[in-house]
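Student:
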RNA sequence: GCCAGUGUGGUGGAAUUGGUAGACACGACGGAUUCAAAAUCCGUUGCAGCAAUGUGUGCCGGUUCGAGUCCGGCCACUGGUACCA
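Numbering (the numbering used here), first residue to last: 6 to 867.
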C-alpha cells in the first residue's frame, strides 16, 4: 500500500473497475426490490457548474447507499438539450445550435464520469434527438384527439425593432436586450394544454406526497389557488359585464368596476377619446410578467360609462386599469376599496368612493378605512337586508340572491392557468401540426412522425430560421391532400422535461413512448433530487404529464416522484470595480487577494494583477453575470473528485444554500489524508485478529460503542434525515477516536479494524474512490460496491452510567454521572446534594422539581 | 406586490420530540518538528472578566420550570412569479 493518498492515481483506477464490472448497470429483475434515484438532468450549457456537482453528488450518495441496502438501483443521466442559450450561442459565435449542444454534451459527460457518479449510461438520452421528441409529438397528437389541447390568442413580449418574440428574461427595464427598443404586448395564436382540467387532482394528490418538503406542497397548492367564489354580472350599456369574486360578502361595497386596457368596452370608448386611446397604448409597454404587473404603478382612466349593481340597481363608474389582465377570466373586476388594499389605493389616488360594509368580528380591533382597507372577514354593515351577517352566511345569502335575480352563480375558481406550450423559437421540438386553409389545424398522422427539426441551419439573428424555410413549411394536408403549411412554432422545453424520468425506465423502446411493463417496474421515481427553483413549474408540469400518461394507459401510478429533495444553491463571493462610465466590471474571486485581520475577518480585497482594491459585492448565487463561478474542473484537477464530493456534502445540509470556500476544501482533503494514514498505519501492524466480544477491556468497549453509535447515526442521517453533513461529522468524530486509541493488543487491533472498516463503508457513498481503494487494501480481491451497509450491534450500545445536567432556575450548575436505571427520587437527591447546587439554593425555598431521566434535573427556587 | 423559505461565534455549520447553545470543520493564535519553509502533529479559541460569574441564536413582545426550537408583530436577505432552465 502506498503511504500517501494520491487521488489522481486511484480515482481513474476505481472508475475503470466500475466500468469493467458493470457496477451500475440496471436491469428489470422481478426478484429484487427496486430503487429509482433521479437527479434533475442538466441543460448542456457548456461545462458543469457547482450546482450540478452538488445535485449529482447528493443523488449519487443516495443511490450508492440504497445499493448497499441490497436494492436494485436505477440511476440514469441525460440532457435537457433544447433551449434558448443554444440560439444565443448560435448568434454570438456563429455555430449551429445542434453542433454547439452536442459538443457541450460530450464535454459535460466526460466531467460527470470524472466525478465518479454511478450512472447507468446505457439509458442516456438527449431531448433534442428525434427518437426522443417523436414520442412527445405523438403524445401531443393523442391529446389533441382527446380535446385536451386548444389554440387561442395569447400575449407575448414583442420587440418591434428585431421583429421577434422575447422571453421575459430578455426584456430588461421594459426594453429588448439586443435592440433596446421598448417592447410591446402582442397577441398571437398559441397552443395550450388544459392543465386546469386536472387542477383538482393536482391539488388533492399533494396530500399523497408525504415525502415531499412541506414548503413545495404549499407553494404548489397556492399556485393552483383553488377558491370558492361567485361569478356575477353588472349591466353596462344594456349588456352583461361578468366579474368573479371570492368575496361576495363585500358586494354592497362596490364603488366602481375596472376592465383591462384591451377590453372591448375600453377599445370602443377610446374611439371617441384620444386621451383614453393614448393611455391604452401606453399600457402595451409592460412586460408579460406577473411580478412586473404587480409592482408597476397602478394607473387607470374612466371610460365615461356606468355599470348597474346587480342587487341594489345603483350605478357605479366603469374604469379601465393597467393591472386588470385581459387574459384572466373575463378581463374585468369589481372593486371594493374599503376591503381590498389594491382597490383602496386606486380609489384613494383617483378620488373614488370608499364605502365600508364590514366591521370586525372583534370589537377590540380598530378599523379606520381612511388609513387602509380592512381586508379581514367581518360582520356586514351598510348592506341593507344583509346587515349583521357573518362571512359564511353572507356568502350564501348574497350568492342566493344573485342566483334568484339571474345575475350570478357560485363557482370554483383556480389561479392556475392553462399551459401555453407554443414558442416562436427554433431550437425546440416542432409542434406536430399542419395548418390547412380548409381543414384548419390538423395533427400530423402517427406514420409521418417525427417531424424532424432541420439541424443544418444558418442563424441571422432575425428569429427562428425554420420560419423562413420553405422546404420545412410546405407540405400537404393529411386530411384533404391540399397544399398546406407546417406549424413553425416549437414546444416549451418544459414539455421535454415533463416525462424524461419515465423514458429512462423504458429507454430502449423503439415502437412506443413507454412500454408499460418496464415503466411500471421502475416508476414512480423513489427519490428525485433537484434545485428548489423548480418547486412549482417543472414539478407541477411533470405531475400533470404523469396523470396524462396514466390516463393514456402508459403508467399505472398517480404521481411521478415519491420522495423529493430540493437542494439549495451554491453561492460565492462577488467582487467588482466601477468603470469610468459607471458600468460595473465583475471580477472573478480567483483573481482576488484577500487581507484579513487576526480573527480572519476580511480587511481588504485587491486584484492580483495590479494590487489595487476591488469592492466586495456580497455572497450570491454562482453565475456568469457576476463572474463568481468556481469551475469544478479546476477543483477536481487539484484535489480529486472525492475531496470535491466530500466538501460539497460536508459544508452544509443539502437543502440549504452553500458557500464556496477554498480553505474548507483543503480541510476536506486533509481528512481524507488522515483516513488514508489511519488505514496505512493499521496495515503496517501486519496483524489480523478475530474480535472476541467477551475479551474486551473498558477502553476497547468504549471505542466499539462509538463505532456502533456512529453506524446508527450515519444510517439515520443518510436515509431518514438526508443530512449528509452531520453524517460526515459523525465519521470524523469516530476517526478522531480511532487516532487517540493506542492499543496494539490482539483485541485492540481487532476493535480498531472493525472501526476503520466502518469508517470506510460509511463514507463509501460519499467518497467512493478512496473507499474502493482502502477496502481493497484491507480485503484484497473484494469489491466494496458488493459489500452491504454495516449493521448496528445493539449490545455494543449498552451503557451502565449516564451523564445528567443539573440546573437551578434553568441555569446549568453542575453535571453528574449516575446509573442509567436510577429512579427519579435518587436522581433528585443526588443532584440536590451537589455543592454548587446547594450554593445556588442556599436559604431559598424549592418551589418545583423537574426530573427528565437520563437528561436533566431542574430545581426551581424562589 | 403575491407565494414559499432563511437569519446561531471571525467563517461554514451542529443542537433530530421544548431540555447542557456552538458538535464537526475552516480560520486565527500558541507550541513541537525543521537550517528554514511547506506538510504534519499537539494545545487554545462565542463575548466580557484574573476569577467566581455574567451574557449570548436578526429585532420587539408573549407562552413555559425551561425557548435557537412554540405563538404574535417587525426587519433584512434568498427562491418562484407562468417565455431562463
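Quick reminder that beta carbons are idealized off the backbone N, C-alpha and C, glycines included.
#1: Buried or exposed: which applies to residue 31, given that a residue is buried once 16 or more other Cβ atoms fall within 10 Å of its Cβ?
#2: Which class does residue 704 belong to by DSSP, given the choice of helix, strand or coil?
#3: Measure the alpha-carbon distance for residue 596 versus residue 207 and round it to whole angstroms.
#4: Pull up the DSSP beta-bridge partners for residue 424, would you.
#5: What is the DSSP secondary structure of residue 584, reduced to helix, strand or coil?
#6: When you compare only the Cα positions, how much space is there between residue 82 and residue 759?
#7: Check whether the Cβ atoms of residue 312 and residue 249 sit closer than 8 Å, and answer yes or no.
#8: Mapping the DSSP letters down to three states, classify residue 322 as helix, strand or coil.
#9: Does the beta-carbon distance from residue 719 to residue 767 come in below 8 Å?
#10: Please name the residue in 86, 88, 71 whose C-alpha comes closest to that of residue 80.
#11: Quick check on this structure: which residue in 575, 744, 167 has the alpha carbon closest to the alpha carbon of residue 465?
#12: Less than 7 Å between C-beta atoms, sequence neighbours within five positions excluded: which residues of the same chain meet that for residue 852?
#13: For residue 534, which beta-bridge partners are listed by DSSP?
#14: Would you tell me roughly how many angstroms separate the C-alpha atoms of residue 338 and residue 262, rounded to the nearest one?
#15: Take residue 447 and list the residues in its own chain whose beta-carbon comes closer than 8 Å to its own, dropping the five residues that flank it on each side.
#16: Using the DSSP secondary-structure output, state which residues sit across from residue 806 in a beta bridge.
#17: Identify, in the order they occur along the chain, each residue of the same chain with its Cβ nearer than 8 Å to the Cβ of residue 878, setting aside the five sequence neighbours on each side.
#18: Roughly how many angstroms lie between the CA atoms of residue 636 and residue 665, to the nearest whole one?
#19: What are the start and end residues of each continuous beta strand (DSSP E) run of 3 or more residues lying completely inside the segment 201-285, in chain order?
#20: Just the C-alpha distance for residue 644 and residue 671, rounded to the nearest angstrom, thanks.
#21: Give the C-beta separation of residue 418 and residue 234 to the nearest angstrom, bearing in mind that I take them to be a contact with Cβ-Cβ under 8 Å.
#22: Cβ of residue 542 within 8 Å of Cβ of residue 148?
#23: Specify, as a first and last residue, the run of the alpha helix (DSSP H) that residue 441 falls within.
#24: Grab the span of the beta strand (DSSP E) containing residue 842 for me, first residue to last.
#25: If you run the structure through DSSP and keep just helix, strand and coil, what is residue 53?
#26: If I'm right that residue 400 touches residue 556 with Cβ under 8 Å, what's the distance once you round it to whole angstroms?
#27: What is the DSSP secondary structure of residue 404, reduced to helix, strand or coil?
#28: Any contact between the segment 347-359 and the segment 303-319? By contact I mean 3 or more CB pairs, one from each, below 8 Å.
#29: Report buried or exposed for residue 832, applying the criterion of at least 16 other Cβ atoms within 10 angstroms of its Cβ.
#30: State yes or no: is the C-beta of residue 293 within less than 8 Å of the C-beta of residue 161?
#31: How about residue 72: is its Cβ closer than 7 Å to a heavy atom in the ligand HEM?
#32: Do residue 378 and residue 349 have their CB atoms nearer than 8 Å?
#33: Output the residue ranges of the beta strand (DSSP E) runs that lie fully inside the segment 747-808 and measure 3 residues or longer, sorted by chain position.
#34: Given this structure, state the Cα-to-Cα distance separating residue 21 from residue 46, to the nearest angstrom.
#35: Under three-state DSSP, which class holds residue 591?
#36: Residues bridged to residue 489 by DSSP?
Tutor: Reading it off the structure:
#1: buried
#2: helix
#3: 49 Å
#4: 198
#5: coil
#6: 36 Å
#7: no
#8: strand
#9: yes
#10: 71
#11: 167
#12: 865, 866, 867
#13: 44, 570
#14: 6 Å
#15: 438, 439, 440, 441, 482, 483, 484, 489
#16: 824
#17: Residue 878 lies beyond the stretch modelled for the chain, which goes from 6 to 867, so this question has no answer here.
#18: 11 Å
#19: 232-241, 244-250, 261-264
#20: 8 Å
#21: 5 Å
#22: no
#23: Note, residue 441: premise wrong, no alpha helix (DSSP H); beta strand (DSSP E) at 438-441.
#24: Looking at the DSSP string, residue 842 is not in any beta strand (DSSP E); the run it does join, the alpha helix (DSSP H), is 840-846.
#25: coil
#26: The pair is not a contact, with the Cβ atoms about 34 Å apart (cut-off 8 Å).
#27: helix
#28: yes
#29: buried
#30: yes
#31: Of ligands this structure carries none, so the ligand HEM is not represented either.
#32: yes
#33: none
#34: 24 Å
#35: strand
#36: 480
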